[in-house]
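Asks: Heads up: the sequence lines are chains D and G, in that order.
When we follow the UniProt record's numbering, the leftmost residue of the first sequence carries the number 1, and every step to the right adds one.
When we follow the UniProt record's numbering, the leftmost residue of the second sequence carries the number 1, and every step to the right adds one.
Yeah, the Cβ is synthetic: ideal placement off N, Cα and C, and Gly gets one too.
Number of protein chains: 2
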Amino acid sequence: MTGPVIRGRSHPVRRFFTINRTVLSADDLAGDLRRTTLPGGLRVVSESLSHTAAFNLGFFVGVGSRRESRALHGASHMLEHVLFKGTPRLSAEEISASIEGVGGDLNAYTAKEHTCFYARLLAEDADRAVAVMSDMLAHSLIEPQHFSSERTVVLEEIAMGNDDPGDVAHDLSAQRLYGPSGLAKPVIGSVESIRAMDRDAVVEYWLAQYRADDIVVSASGAVDHDRLLEQLAPLDLALSRRRAPATAADEEAAAVPEPGLVVQTRDFEQLEAVMSWPGLALLDPRRAILDVLVTVLGGGMSARLFVEVREKRGLTYSIDASEIAYSDAGQVSIEWACAPERLQQIVDVVREVLDDVLAHGITANELAQAKGQIRGQTLLGLESPSAHMSRNGRTVLQDDPRTVGEMLAAVEAVTLEDVHTLTRELFSAEPTLAVVGPWDEDRQVSLG
Amino acid sequence: MTGPVIRGRSHPVRRFFTINRTVLSADDLAGDLRRTTLPGGLRVVSESLSHTAAFNLGFFVGVGSRRESRALHGASHMLEHVLFKGTPRLSAEEISASIEGVGGDLNAYTAKEHTCFYARLLAEDADRAVAVMSDMLAHSLIEPQHFSSERTVVLEEIAMGNDDPGDVAHDLSAQRLYGPSGLAKPVIGSVESIRAMDRDAVVEYWLAQYRADDIVVSASGAVDHDRLLEQLAPLDLALSRRRAPATAADEEAAAVPEPGLVVQTRDFEQLEAVMSWPGLALLDPRRAILDVLVTVLGGGMSARLFVEVREKRGLTYSIDASEIAYSDAGQVSIEWACAPERLQQIVDVVREVLDDVLAHGITANELAQAKGQIRGQTLLGLESPSAHMSRNGRTVLQDDPRTVGEMLAAVEAVTLEDVHTLTRELFSAEPTLAVVGPWDEDRQVSLG
Numbered sequence: 001m002t003g004p005v006i007r008g009r010s011h012p013v014r015r016f017f018t019i020n021r022t023v024l025s026a027d028d029l030a031g032d033l034r035r036t037t038l039p040g041g042l043r044v045v046s047e048s049l050s051h052t053a054a055f056n057l058g059f060f061v062g063v064g065s066r067r068e069s070r071a072l073h074g075a076s077h078m079l080e081h082v083l084f085k086g087t088p089r090l091s092a093e094e095i096s097a098s099i100e101g102v103g104g105d106l107n108a109y110t111a112k113e114h115t116c117f118y119a120r121l122l123a124e125d126a127d128r129a130v131a132v133m134s135d136m137l138a139h140s141l142i143e144p145q146h147f148s149s150e151r152t153v154v155l156e157e158i159a160m161g162n163d164d165p166g167d168v169a170h171d172l173s174a175q176r177l178y179g180p181s182g183l184a185k186p187v188i189g190s191v192e193s194i195r196a197m198d199r200d201a202v203v204e205y206w207l208a209q210y211r212a213d214d215i216v217v218s219a220s221g222a223v224d225h226d227r228l229l230e231q232l233a234p235l236d237l238a239l240s241r242r243r244a245p246a247t248a249a250d251e252e253a254a255a256v257p258e259p260g261l262v263v264q265t266r267d268f269e270q271l272e273a274v275m276s277w278p279g280l281a282l283l284d285p286r287r288a289i290l291d292v293l294v295t296v297l298g299g300g301m302s303a304r305l306f307v308e309v310r311e312k313r314g315l316t317y318s319i320d321a322s323e324i325a326y327s328d329a330g331q332v333s334i335e336w337a338c339a340p341e342r343l344q345q346i347v348d349v350v351r352e353v354l355d356d357v358l359a360h361g362i363t364a365n366e367l368a369q370a371k372g373q374i375r376g377q378t379l380l381g382l383e384s385p386s387a388h389m390s391r392n393g394r395t396v397l398q399d400d401p402r403t404v405g406e407m408l409a410a411v412e413a414v415t416l417e418d419v420h421t422l423t424r425e426l427f428s429a430e431p432t433l434a435v436v437g438p439w440d441e442d443r444q445v446s447l448g
Numbered sequence: 001m002t003g004p005v006i007r008g009r010s011h012p013v014r015r016f017f018t019i020n021r022t023v024l025s026a027d028d029l030a031g032d033l034r035r036t037t038l039p040g041g042l043r044v045v046s047e048s049l050s051h052t053a054a055f056n057l058g059f060f061v062g063v064g065s066r067r068e069s070r071a072l073h074g075a076s077h078m079l080e081h082v083l084f085k086g087t088p089r090l091s092a093e094e095i096s097a098s099i100e101g102v103g104g105d106l107n108a109y110t111a112k113e114h115t116c117f118y119a120r121l122l123a124e125d126a127d128r129a130v131a132v133m134s135d136m137l138a139h140s141l142i143e144p145q146h147f148s149s150e151r152t153v154v155l156e157e158i159a160m161g162n163d164d165p166g167d168v169a170h171d172l173s174a175q176r177l178y179g180p181s182g183l184a185k186p187v188i189g190s191v192e193s194i195r196a197m198d199r200d201a202v203v204e205y206w207l208a209q210y211r212a213d214d215i216v217v218s219a220s221g222a223v224d225h226d227r228l229l230e231q232l233a234p235l236d237l238a239l240s241r242r243r244a245p246a247t248a249a250d251e252e253a254a255a256v257p258e259p260g261l262v263v264q265t266r267d268f269e270q271l272e273a274v275m276s277w278p279g280l281a282l283l284d285p286r287r288a289i290l291d292v293l294v295t296v297l298g299g300g301m302s303a304r305l306f307v308e309v310r311e312k313r314g315l316t317y318s319i320d321a322s323e324i325a326y327s328d329a330g331q332v333s334i335e336w337a338c339a340p341e342r343l344q345q346i347v348d349v350v351r352e353v354l355d356d357v358l359a360h361g362i363t364a365n366e367l368a369q370a371k372g373q374i375r376g377q378t379l380l381g382l383e384s385p386s387a388h389m390s391r392n393g394r395t396v397l398q399d400d401p402r403t404v405g406e407m408l409a410a411v412e413a414v415t416l417e418d419v420h421t422l423t424r425e426l427f428s429a430e431p432t433l434a435v436v437g438p439w440d441e442d443r444q445v446s447l448g
């Protein structure tokens with residue numbers, strides 16, 4: 001059915017604009033990258049960028065919800081919270097005030113395979129970020145009364161997530177795509193696991209998991225690598241004394257995707273829908289192809305799904321396609337929110353779009369457009385100094401050797417045939433459709 | 001009750017860190033600013049910044065929901081949508097594809113007093129952004145079938161907002177703080193006004209409101225001011241032919257704040273609460289003082305409210321204070337989400353914090369901390385080239401003559417007495433408390 005994104009004329013854009021392209025590459029935006037492994041195993045990567053007054057610092061720890069036992073479900077995230085609650089040298093308020101009082105930000109997040117603590121401040125205040133964050137990671141007190149008040153905070157955070165249709169739909173999707181593996185569980189834990197969580201067990205988990213050899217420190221901006229190494233030496237020493245538990249981790253159950261519809265009925269006005277298929281693992285070289293495919297399908301307002309579902313039919317405010325990748329698994333998703341009575345109609349349009357790509361692939365015009373989009377977005381993204389910190393921290397932790405330039409070259413090399421082959425591999429399977437919102441028991445949905 | 005943010009020792013932070021402060025000022029981050037008014041009245045401001053490959057462009061139109069009659073409630077936002085739907089030269093897909101195909105972003109938002117269309121792309125593609133956006137603003141077709149499909153999209157957007165507890169609570173607050181003035185209405189309109197909205201009336205509204213003399217074009221990054229002027233000349237000419245309606249706008253009713261509790265019962269897990277007081281207008285010189293006050297109360301994890309409500313008592317995931325300013329009015333708000341049974345306890349703690357500041361003012365330590373925080377955040381914010389575009393566009397449209405350096409100097413000059421005086425002026429009044437979520441009819445809340 002659907003034609004190319006730019007219809008009618010062959011090069012309408014070129015006729016209307018003056019094209020004045022100079023060649024900017026990823027190298028133009030790269031800084032001076034240095035990487036050192038300290039004696040205790042702490043890996044330090046820094047990228048010194050000129051023309052920024054900011055210092056960005058991140059501690060990437062290789063532990064997330066995936067590694068948790070049933071009793072410790074949510075422990076990685078709980079730890080992320082309680083490590084802000086004070087050390088022998090600094091109270092919780094002093095930790096925040098030391099960074100915020102100079103206009104900086106200090107924050108953290110927990111994912112399924114890693115936890116990250118990060119700060120951004122003026123370079124003139126770099127030393128305090130390194131000192132405070134090292135102190136938190138190695139010397140937190142995790143006092144019982146703080147643990148207990150943070151337990152209530154996390155229960156509030158769970159309630160907040162339950163009021164967010166997108167969060168709930170993504171958790172439902174993960175349960176169906178990754179069950180019964182460790183990737184199926186929500187990062188935050190459950191009301192039951194958080195209520196029952198034992199402070200001493202979390203402290204033990206911290207001592208076992210926050211080890212020098214499983215942490216990457218990444219800095220970017222106005223950075224002095226040698227000074228950073230010097231300042232991190234005590235942390236490296238402290239965390240190198242920690243040892244992984246002698247017993248090997250339990251063998252993890254394999255993911256068994258369970259396609260079909262899964263519904264959580266909630267009293268919202270809209271239905272939130274996430275349609276997913278198994279995707280590609282983090283280091284799979286075909287992710288460059290997947291990037292192109294996802295961009296063509298749902299990478300913005302000119303993408304096929306947006307044009308067909310919103311622009312032509314006005315069925316939803318927005319519809320996106322995206323991919324998520326973990327070390328050994330991934331997912332591709334299409335998501336939107338809509339009035340309940342429009343669900344089947346949108347599913348049918350999505351199905352038509354996918355069937356068209358399955359049968360005919362994408363067009364040469366779409367391929368060129370997607371490559372331009374990925375190149376421009378990547379280069380614009382690298383303008384932010386904090387993006388370098390974040391990318392370097394994650395790629396070093398994940399043993400991903402590819403530079404941005406190599407990734408862009410891989411995208412540039414993608415062919416129409418590559419995209420067609422991958423489309424058939426991923427989208428021939430029956431999807432999971434996770435739906436959250438008002439639901440009539442009699443409602444039937446055909447996934448085509 | 002509450003002490004200063006940094007407790008116990010007088011300078012704990014200084015003892016733990018090496019302080020190595022050089023003096024960075026707003027001027028260090030400013031670019032080459034140029035401003036021109038074209039013959040038709042279009043104002044053009046550009047800030048050329050070195051060391052960025054990006055071009056940021058925004059069209060700031062001085063029309064928002066405040067100016068709308070009852071029948072046109074939501075027309076400014078509806079216009080923002082339909083101006084993306086095509087011109088004689090470009091279809092909707094071509095508009096999006098022209099910017100997205102080179103990795104750029106093209107988007108827009110509508111506020112109560114202005115509407116903004118903005119793009120960010122690589123400087124090598126600057127020309128196409130100026131061409132496409134000028135075409136949209138002056139020559140959109142707004143075809144009836146596109147208007148009608150966009151009507152459905154906006155109704156979906158209203159439903160999405162109704163599922164967002166924060167959006168609903170803010171709309172309730174505004175109704176109570178600004179009723180019956182034009183600021184009381186939600187920007188998006190109502191289901192009734194959108195369903196009934198007439199395409200021809202919206203086109204007429206567009207022709208009357210999008211005039212050269214009420215639009216500011218702001219560009220930042222890798223900008224060539226003279227080339228920009230040349231490219232904008234046709235837009236200036238086209239929009240200068242448009243004339244404001246001969247009849248003056250209706251006299252707007254004055255805002256009459258109505259304090260006390262207002263509840264919208266919804267089947268969420270948490271209650272969303274927004275407590276508000278009338279604040280300061282946009283150009284009120286006391287906004288520098290208010291900035292300090294809001295920072296001390298709720299500007300982060302070291303702020304009084306966060307420390308008292310979350311750190312010490314674990315009652316909520318987060319609590320913030322903020323201010324909003326319009327041309328002739330403003331509001332100060334404190335907001336949080338919590339389990340329904342904790343509402344009264346949190347209101348009581350907020351009341352205690354405010355009573356303490358009303359009685360004793362803030363501490364010298366808090367004042368210094370807040371100044372450092374505002375300075376650092378402002379300077380870090382200016383590192384983003386798009387922030388310059390956005391700030392320049394808004395300040396020129398609002399006739400705000402202050403530079404960032406002047407604003408920071410005003411903050412630096414704030415005294416303890418200034419803060420105490422303003423606290424008494426703003427917080428002696430009874431607040432409005434807007435609450436959205438599960439609600440038991442018998443529940444009583446005392447605002448102290």
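#1: Candidates G/195, G/217 and G/298: which alpha carbon is nearest residue 158 of chain G's?
#2: Quick one: is residue 360 of chain D buried, meaning 16 or more other Cβ sit within 10 Å of its Cβ, or exposed?
#3: If we ignore side chains and look at the alpha-carbon of each, how far apart do residue 71 of chain D and residue 320 of chain D end up?
#4: So, does the CB of residue 344 of chain G fall closer than 8 angstroms to a CB anywhere in chain D?
#5: Distance check for residue 266 of chain G and residue 445 of chain G, CA to CA, integer angstroms please.
#6: With a cut-off of 8 angstroms, does the C-beta of residue 317 of chain D fall near any C-beta of chain G?
#7: For residue 373 of chain G, return the contacting residues in chain D, with the cut-off set at a CB-CB distance below 8 angstroms.
#8: Looking only at its own chain, which residues have a Cβ that is under 8 angstroms from the Cβ of residue 378 of chain D, when we skip the five neighbours before and after it?
#9: With 8 angstroms as the threshold, decide whether the Cβ of residue 340 of chain D is near any Cβ in chain G.
#10: Report the partner residues of residue 410 of chain D according to the DSSP bridge assignment.
#11: Whole angstroms is fine: what's the gap from residue 21 of chain D's alpha carbon to residue 171 of chain D's?
#12: Within 8 angstroms of any Cβ in chain D, is that where the Cβ of residue 434 of chain G sits?
#13: By DSSP's criteria, residue 108 of chain D is part of a beta bridge. Which residues make up the other side?
#14: Within the same chain, show all residues whose beta-carbon is closer than 7 angstroms to that of residue 418 of chain G, passing over the 5 residues directly before and after it, in chain order.
#15: List, from N- to C-terminal side, the alpha helix (DSSP H) runs of 4 residues or more that fit wholly inside the stretch 278–362 of chain D.
#16: Quick one: which residues of the stretch 263–274 of chain D get their C-beta closer than 9 angstroms to a C-beta of chain G? List them in chain order.
#17: Looking at the strands, I want to know which residues DSSP matches up with residue 47 of chain D.
#18: What is the DSSP secondary structure of residue 260 of chain G, reduced to helix, strand or coil?
#19: Quick check on the DSSP output: the beta strand (DSSP E) that includes residue 74 of chain D runs from which residue to which?
#20: Which bits of chain G does residue 52 of chain D rub up against, with CB to CB less than 8 angstroms?
#21: Counting only beta-carbon separations shorter than 8 angstroms, does residue 20 of chain G have a partner in chain D?
#22: On the DSSP letters alone, give me the boundaries of the beta strand (DSSP E) that residue 55 of chain G sits inside.
#23: Quick one: which residues of the stretch 80–92 of chain D get their C-beta closer than 9 angstroms to a C-beta of chain G? List them in chain order.
#24: DSSP three-state call for residue 136 of chain D: helix, strand or coil?
#25: Should the stretch 386–394 of chain G be regarded as contacting the stretch 214–230 of chain G, the criterion being three or more beta carbon pairs within less than 8 angstroms?
#26: Please say whether residue 212 of chain D and residue 240 of chain D have beta carbons closer to each other than 8 angstroms?
#27: Would you mind working out which of G/200, G/333, G/365 and G/384 sits nearest residue 415 of chain G, comparing C-alpha positions?
#28: Within its chain, find whatever has a CB closer than 6 angstroms to the CB of residue 206 of chain D; leave out the 5 residues flanking it on each side and keep chain order.
#29: Would residue 253 of chain D pass as a contact of residue 180 of chain D if the rule is Cβ separation under 8 angstroms?
#30: Mind listing the chain G neighbours of residue 67 of chain D? Cutoff is C-beta to C-beta under 8 angstroms, in chain order.
#31: Quick check: is the beta carbon of residue 40 of chain G nearer than 8 angstroms to any beta carbon in chain D?
#32: Using the Cα positions of residue 435 of chain G and residue 346 of chain G, report the straight-line distance between them to the nearest angstrom.
#33: Using the three-state DSSP reduction, which class does residue 253 of chain G fall into: helix, strand or coil?
#34: Tell me which residue opens and which closes the beta strand (DSSP E) that residue 403 of chain D is part of.
#35: Can you confirm whether residue 314 of chain G, when its beta carbon is compared against all beta carbons of chain D, has any partner nearer than 8 angstroms?
#36: Please name the residue or residues paired with residue 434 of chain G in a DSSP beta bridge.
Replies: In brief:
#1: In the second sequence, counting from the first residue as 1, residue 158 of chain G sits at position 158. Here the closest residue by C-alpha is G/195.
#2: In the first sequence, the residue the question calls residue 360 of chain D occupies position 360. Exposed: under 16 other Cβ atoms inside 10 Å.
#3: Translated into the one-based positions of the first sequence, residue 71 of chain D becomes position 71. Translated into the one-based positions of the first sequence, residue 320 of chain D becomes position 320. Looking at the two C-alpha atoms, the distance is approximately 36 angstroms.
#4: Position 344 of the second sequence, counting from 1, holds the residue named residue 344 of chain G. No, its Cβ sits nowhere closer than 8 angstroms to a Cβ of chain D.
#5: Within the second sequence, numbered from 1, the residue matching residue 445 of chain G stands at position 445. Within the second sequence, numbered from 1, the residue matching residue 266 of chain G stands at position 266. Whole-angstrom Cα-Cα distance: 18 angstroms.
#6: Counting from one through the first sequence, the residue named residue 317 of chain D turns up at place 317. Using a CB distance cut-off of 8 angstroms, residue 317 of chain D counts as an interface residue toward chain G.
#7: Counted from its first residue, the second sequence places residue 373 of chain G at position 373. The contacting residues are 100, 101, 102 and 103.
#8: Sequence index remark: in the first sequence, residue 378 of chain D carries index 378 (1-based). Excluding positions up to five away in sequence, the list reads 26, 404, 407 and 408.
#9: In the first sequence, counting from the first residue as 1, residue 340 of chain D sits at position 340. By this cut-off, residue 340 of chain D is not an interface position.
#10: What you label residue 410 of chain D is simply residue 410 of the first sequence in a count that begins at 1. In DSSP, residue 410 of chain D forms no bridge with anything.
#11: Within the first sequence, residue 21 of chain D is the residue found at index 21, counting from 1. Within the first sequence, residue 171 of chain D is the residue found at index 171, counting from 1. With a pLDDT of only 44 at residue 21 of chain D, under 50, the local geometry of the prediction cannot be trusted, and no value is derived from it.
#12: The sequence position of residue 434 of chain G within the second sequence is 434, counting from 1. Taking Cβ atoms only, chain D never reaches closer than 8 angstroms to residue 434 of chain G, which makes this a no.
#13: Sequence index remark: in the first sequence, residue 108 of chain D carries index 108 (1-based). The partner list for residue 108 of chain D (beta bridge, DSSP) reads D/117.
#14: Taking the second sequence and counting its residues from 1, the one referred to as residue 418 of chain G is at position 418. Correct list, in chain order: 289.
#15: Runs found: 287–298 and 343–360.
#16: Using a CB distance below 9 angstroms, the part of the stretch 263–274 of chain D facing chain G consists of 266, 267, 268, 269, 270 and 272, ordered along the chain.
#17: Here residue 47 of chain D refers to the residue found at position 47 when the first sequence is read from its first residue. Answer is D/33 and D/220.
#18: Against the second sequence, residue 260 of chain G aligns to sequence position 260. Three-state DSSP puts residue 260 of chain G in a strand.
#19: Residue mapping note: residue 74 of chain D aligns to position 74 of the first sequence, counting from 1. From DSSP, residue 74 of chain D is part of no beta strand (DSSP E); its letter is neither H nor E.
#20: Residue numbering aside, residue 52 of chain D sits at position 52 when the first sequence is read from its first letter. In chain order: 383.
#21: Along the second sequence, one-based indexing puts residue 20 of chain G at 20. Here residue 20 of chain G scores only 41 on pLDDT, less than 50, and its place in the model is too uncertain to base an answer on.
#22: Locating residue 55 of chain G in the second sequence gives position 55, counting from the first residue. That run of the beta strand (DSSP E) goes 54–61.
#23: 84, 85, 89, 90, 91 and 92
#24: On the first sequence, residue 136 of chain D is found 136 positions in, with the first residue counted as 1. The answer is helix: DSSP assigns residue 136 of chain D an H, G or I state.
#25: Flag = yes, the stretch 386–394 of chain G and the stretch 214–230 of chain G touch.
#26: As a first step, residue 240 of chain D must be located in the first sequence, where it is residue number 240. As a first step, residue 212 of chain D must be located in the first sequence, where it is residue number 212. Yes, the pair counts as a contact, with Cβ atoms nearer than the cut-off.
#27: By one-based count along the second sequence, residue 415 of chain G stands at place 415. If we check each option's Cα against that of residue 415 of chain G, G/365 comes out closest.
#28: The count along the first sequence starts at 1 and reaches residue 206 of chain D at position 206. Here the set comprises 79.
#29: Taking the first sequence and counting its residues from 1, the one referred to as residue 253 of chain D is at position 253. Taking the first sequence and counting its residues from 1, the one referred to as residue 180 of chain D is at position 180. Yes. Within cutoff.
#30: Numbered from its first residue, the first sequence carries residue 67 of chain D at position 67. Per Cβ cutoff of 8 angstroms: no residues; residue 67 of chain D is ~24 angstroms from chain G at best.
#31: Taking the second sequence and counting its residues from 1, the one referred to as residue 40 of chain G is at position 40. No, its Cβ sits nowhere closer than 8 angstroms to a Cβ of chain D.
#32: The sequence position of residue 435 of chain G within the second sequence is 435, counting from 1. The sequence position of residue 346 of chain G within the second sequence is 346, counting from 1. Residue 435 of chain G and residue 346 of chain G: Cα-Cα distance of roughly 13 angstroms.
#33: For this step, residue 253 of chain G is matched to residue 253 along the second sequence. In this structure, residue 253 of chain G counts as coil in the three-state DSSP scheme.
#34: Sequence index remark: in the first sequence, residue 403 of chain D carries index 403 (1-based). Taken as a continuous stretch (DSSP letters only), residue 403 of chain D belongs to no beta strand (DSSP E), as it is neither H nor E.
#35: Along the second sequence, one-based indexing puts residue 314 of chain G at 314. Closer than 8 angstroms: yes.
#36: Taking the second sequence and counting its residues from 1, one reaches residue 434 of chain G at position 434. Within the DSSP secondary-structure output, residue 434 of chain G pairs in a beta bridge with G/262 and G/274.
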